[in-house]
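Numbering (our numbering), first residue to last: 3 to 158. We treat Cβ as the ideally placed atom computed from N, Cα and C, and that holds for glycine.
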């Protein structure tokens, strides 16, 4: 039987503690769900912000990438500082929103008890890995094509 901080930060449905919720009042379960959800989503948001900054997907890095590729945003000068200001309006907000949605999806999967009692986070990781594997296989197959066909499909 878990006690202390462990009780409030672990999911409600956990195969290790079957029958554990039967000893608690509904308000205790609701409070535990609120605390677990809040901590999980805030953690996802912090991780999302960390990921964006460490993988060169922040506004400044993306502005440099756009500038170096010769592209520009229509209606704006080709200055990386202007691109950075434009991207600062969108990237942080989208990072927070997408991180919170991924966290909510993982919590939902934890609460409904996915097939095989896998966690929501494990389910998201599995889907991400399978998608990446599919993209890698498709890229390798595209490299085996005839050079003219590769140029036509835009692989090179």
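- Secondary structure of residue 60 (DSSP, three-state): coil.
- Excluding its 5 nearest sequence neighbours in each direction, residue 80 has C-beta neighbours in its own chain below 8 Å: 69 and 74, listed in chain order.
- Pairing residue 43 with residue 140 gives a Cβ-Cβ distance that is not under 8 Å.
- Judged by their CB atoms, residue 54 and residue 93 are nearer to each other than the 8 Å cut-off.
- Closest option to residue 99, judged by alpha-carbon separation, among 90, 113 and 50: 50.
- Closest by C-alpha distance to residue 40, out of 77, 137, 108 and 66, is 108.
- Per DSSP, the unbroken alpha helix (DSSP H) holding residue 112 starts and ends at 82 to 114.
- Selection 57, 62, 143 and 113 evaluated against residue 34 yields 113 as nearest (Cα-Cα).
- Per the coordinates, the alpha-carbon of residue 125 lies some 42 Å from the alpha-carbon of residue 77.
- Close CB contacts of residue 67 within its chain, under the 8 Å cut and outside five residues either way in sequence, are with 58 (chain order).
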